[in-house]
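Heads up, the sequence shown is in UniProt numbering, so the first residue is 1 and it goes up one at a time.
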Amino acid sequence: MLCQFTVKNYKSIRDEMTFDMQAAAISEHEDRVIKDYDEELFLPVSAIYGPNGGGKSNVLEAIYSLAFKVLRPLYAAGENDDRIFLQKRSFIEPFVFSKETKNKPTEFEIFFRTDTAEYRYILHVKKDMVIYESLDRVKLDTGRRSALFERGEEIILKGAFSKLKISDGLSATLPLLSYLGITYKKNEIVKDVLEWFECGIEFLNYGNPVEELRVAASNSEDVKQLMLGMIQEMDLDIVDFRVIEDEDKQIDIYTKHRVEGCEVELNLLEESSGTKKLFGLMPFIASSLLNGTTLVIDELDAKIHPVLLRHIIMMFNNMSINKKKAQLIFTSHDLSTMNSEVFRRDEIWFVAKGNVQNSKLYSLVEFKNEKGESVRKDARFDKQYLEGKYGADPYLKKIIDWGKVNA
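So this is what it looks like as structure tokens:
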């Protein structure tokens, strides 16, 4: 699970901003939170709203950039170099509208959980050079906290890593975590951390149709049945589908339609653009729910019908369906789901720009109006958002009244 992510000096993000998946102490939908082994509560869903150009995508891209920086050296060294999402290269760029920030490092801090531990990983990068790095761990069964390494002017290995050896010629551009993954890939802790970066969080790239089709080619019957259930929720006449992969790994998908007792099979290429998008999305959704991964999607609502969007959100919110602690994080413009029936207040986030093009991120649960009043849990979120009452007006890039946003 993703617990918390903090970034500073990245693209439009000038000041430190924190995206938190820990559940706030609020009374609504208390049955829609993930309870971990140690009774800590986390959110299964978070949606980020705001105008185009406000910086929504940069929040998600910052998480991707951190994963890319850590994993890319492993695949370059031959460790599973067919990892598709890493084909999208990511550059870590600072906030450029300030002379001060242009020459300072970008700072990342991420808290995440595996089955056995919660980790805190910090990485500071300047022009691809690692300036600072550290890794800590808390064991979930005992609550015992320990530092594993710290890298500044020198490298200090601690605790369970104290007996590991580091090459004197470690490149300044190579994260120490990546080096450990290459050199000590059988180490249980190293494996646990890097498996989360590789498999515990997934980034959906709609710009890569090959990726979508390959994922759709899953041989998992569980994934297929969950996909068919989502299709039925859309009230489509598709009753089945099959995937064929030839010797050259070229993929064809065929959908079976049933209309008034008549069955017809169509190639996916003959289907509407909406149906094609569904088949690009649904395997990721199904896989996330079945495997308990964190799924990150930019502009999810642009790909699917609002009815299916609501259905997908509610599947992640339903703990009888979401038994593996899966999480869905996405950006959106869709207001049909921005209401108290679908979301808790801590699951709704806003991004907009300040006066010097710097993006600001804040959640609905922490927003207060000019009187210092919080948003009521039964408020009309969509209506108040359209009225600009939350600062991030959907039609304006800049925050309406910077002083009223006290995130």
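From the three backbone atoms N, C-alpha and C, an ideal C-beta is built for every residue, glycine too.
Spatial neighbours of residue i within its chain, please: CB distance less than 8 Å, with the 5 preceding and 5 following residues excluded, ordered by chain position.
i, result
"Glu265", "Tyr254, Thr255, Lys256 and His257"
"Lys389", "Asn369"
"Ala62", "Phe5, Val7, Tyr10, Lys11, Ile13 and Phe108"
"Val223", "Pro283, Ala286, Ser287 and Leu290"
"Ser27", "Lys377"
"His124", "Pro105, Thr106, Glu107, Phe108, Val130, Ile131, Tyr132 and Glu133"
"Met314", "Val342"
From residue i to residue j, what distance separates their C-alpha atoms?
i, j, result
"Lys191", "Leu170", "20 Å"
"Asn406", "Tyr385", "Only weak support exists for where Asn406 lies, its pLDDT of 42 falling under 50; the coordinates are left without a value."
"Asp346", "Arg113", "20 Å"
"residue 460", "Asp248", "The requested residue 460 is not part of the displayed model; the chain covers only 1 to 407."
"Ala25", "Glu387", "27 Å"
"Gly78", "Gly261", "52 Å"
"Glu366", "Arg310", "24 Å"
"Asp115", "Phe343", "26 Å"
"Ile348", "Phe316", "15 Å"
"Glu30", "Arg376", "16 Å"
"Asn187", "Lys371", "54 Å"
"Ile122", "Leu66", "10 Å"
"Glu221", "Ser363", "38 Å"
"Phe149", "Ser178", "13 Å"
"Val193", "Glu270", "43 Å"
"Asp141", "Phe161", "20 Å"
"Asp246", "Met230", "27 Å"
"Lys35", "Gln250", "42 Å"
"Glu153", "Lys126", "14 Å"
"Lys158", "Ile189", "13 Å"
"residue 427", "Asn58", "Within the shown structure, residues of the chain are numbered from 1 to 407, placing residue 427 beyond reach of any answer."
"Phe197", "Glu263", "43 Å"
"residue 409", "Thr294", "Since the first residue shown for the chain is 1 and the last is 407, residue 409 is missing from the structure and cannot be characterised."
"Leu71", "Lys383", "42 Å"
Using 10 angstroms around the beta-carbon of residue i, count the other beta-carbons present and answer buried if the total reaches 16, otherwise exposed.
i, result
"Asp81", "For Asp81, the predicted structure reports a pLDDT of 47, less than 50, and the residue's modelled location is therefore unreliable. The matter cannot be settled from this model."
"Tyr37", "exposed"
"Glu16", "exposed"
"Val307", "exposed"
"Asn52", "exposed"
"residue 413", "Nothing about residue 413 can be read from this structure; the chain reaches only from 1 to 407."
"residue 412", "The chain is shown only over 1 to 407; residue 412 falls outside these bounds and no answer can be derived."
"Ala117", "buried"
"Val259", "exposed"
"Phe111", "buried"
"Arg89", "exposed"
"Ile92", "buried"
"Lys69", "buried"
Take residue i and list the residues in its own chain whose beta-carbon comes closer than 6 Å to its own, dropping the five residues that flank it on each side.
i, result
"Trp402", "Note that Trp402 scores a pLDDT of 37, beneath 50, so its modelled location is shaky; the value from the coordinates is reported in the next line. Cβ within range, chain order: Gly354."
"Glu195", "none"
"Arg145", "Val138"
"Asp136", "Arg120 and Ala147"
"Leu226", "Ala286"
"Asn358", "Arg14"
"Arg242", "Tyr254"
"Pro94", "Asn9, Thr101, Lys102 and Thr106"
"Leu204", "Phe284 and Ile297"
"Ile329", "Ser46 and Val296"
"Leu60", "Val296 and Asp298"
"Arg151", "Glu133 and Leu176"
"Ile156", "Glu150"
Excluding five sequence neighbours on each side, which residues of the same chain lie with their C-beta closer than 7 Å to the C-beta of residue i?
i, result
"Asp378", "Ser340"
"Asn267", "Asp252 and Tyr254"
"Gly50", "Lys56, Phe350, Val351, Ala352 and Ala392"
"Asp334", "Asp301, Pro306 and Leu309"
"Cys3", "Met21, Gln22, Phe42, Phe111, Phe112, Arg113 and Glu118"
In the DSSP output, what is residue i paired with across the bridge?
i, result
"Val138", "Glu118 and Arg145"
"Ala352", "Lys360"
"Glu263", "Arg258"
"Met129", "Lys126"
"Leu328", "Val45 and Leu295"
"Arg242", "Tyr254"
"Ile110", "Phe5 and Tyr121"
"Ser374", "Lys368"
Problem - Inter-stretch contact (C-beta, 8 Å, three-pair minimum) for the region 225-244 and the region 272-287 - result: Verdict: yes, contact present.
Handout entry: Contact between the region 311-324 and the region 284-301 (3+ Cβ pairs under 8 Å)
Key = Verdict: yes, contact present.
Exercise for the section: Could you tell me whether the region 42-52 touches the region 160-175, where touching means 3 or more Cβ pairs closer than 8 Å? Expected result: Contact between the region 42-52 and the region 160-175 is absent: fewer than three C-beta pairs spanning the two stretches fall below 8 Å.
Problem - Stretch-stretch touch, CB-based, cutoff 8 Å, three pairs: the region 173-184 with the region 119-130 - result: Here the region 173-184 makes contact with the region 119-130; the two share three or more CB pairs at distances below 8 Å.
Exercise for the section: Evaluate contact between the region 88-101 and the region 328-342, counting only Cβ atoms and requiring at least three cross-stretch pairs below 8 Å. Expected result: Flag = no, the region 88-101 and the region 328-342 do not touch.
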